[in-house]
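Inspection log for the structure reproduced underneath, given as structure tokens.
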Amino acid sequence: MIDDIKKLKGFMPHHEGLALLKWSETFSKYGPIIEIGTYCGKSSAYLAYGAIKNNQVVYTIDHHSGSEEHQINEEYFDEEVYDESNKRIDTFPIFKMNMEKLGIENVIPVVAKSELVSRSWQADAGLIFIDGGHSMESALNDYHGWKNKICSDGALVIHDIFDDPKDGGQAPNTIYKKALAEGFELYERIDTTVCLTKV
Ligand code: SAH
Ligand code: MG
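Going by numbering that gives the first Met the number 0, the sequence shown opens with residue 0, and the numbers climb by one from there.
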């Protein structure tokens, strides 16, 4: 049930998640979905629900050790994803449990750094969703690493776009502007999530 996704731990508001679901359904006609930034699988679940309509899969990439803001003493630290025995964030167990709870079988986790995966990745995607690290370095790496791995009718989706720096970090907005300058065109925007297509 779509409403069950709402309750999952994560950073995807429901109305933007529903947009992910719709775009995933539209663009998975052309190829698989790739997501950068799994966390506990909330956005992966919306993408999976859309992709299943075309019998497609979602590859979701995350080292599962959290971004800067998820670390101990940082703003979005959550003790439920802290692995006490290894003294590090590990979101993989809750991700796995969430997929099982929702009966989702078309999400394929890739547990590694985004930059490592993009270097050897071959299959072009119908849609690439960038929601990984929000440092400028990380966002630029994700954009450069993945922008050429979208098939010709496909889409590039970016989360956490804030027009006003007072509302949030500007790294995602920077790669959004870069994409617009490099031949991507805005297809639709829902709040802080943009969907671009290549013209
Ligand atoms: N899409 C998620 C939220 C993602 S939070 C949701 O819907 O809730 C960002 C995630 O990016 C974190 O889980 C972090 O571990 C991951 N991340 C940050 N930098 C990364 C990198 N260089 N490679 C892979 N994953 C990274
Ligand atoms: Mg996000």
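The C-beta atom is built at its ideal place from N, Cα and C for all residues, glycine as well. Given the structure is predicted, the values throughout are model-derived calculations rather than measurements.
Judged by DSSP secondary structure, proline 171 falls within the alpha helix (DSSP H) whose first and last residues are 170-180. Boundaries of the beta strand (DSSP E) harbouring tyrosine 186: 183-189, taken from the DSSP string. Linking glycine 125 to serine 43 through their CA atoms gives a straight-line distance of about 15 Å. For arginine 87, the beta-bridge partners assigned by DSSP are Asp82. Not a single heavy atom of ligand 1 lies less than 7 Å from the C-beta of phenylalanine 161.
In the three-state reduction of the DSSP assignment, glutamate 34 falls in the strand class, which pools E and B. Between the alpha carbons of valine 56 and phenylalanine 183 lies a gap of roughly 24 Å. If only uninterrupted alpha helix (DSSP H) runs of at least 4 residues are considered, those enclosed by the segment 93-154 are 113-119, 135-145.
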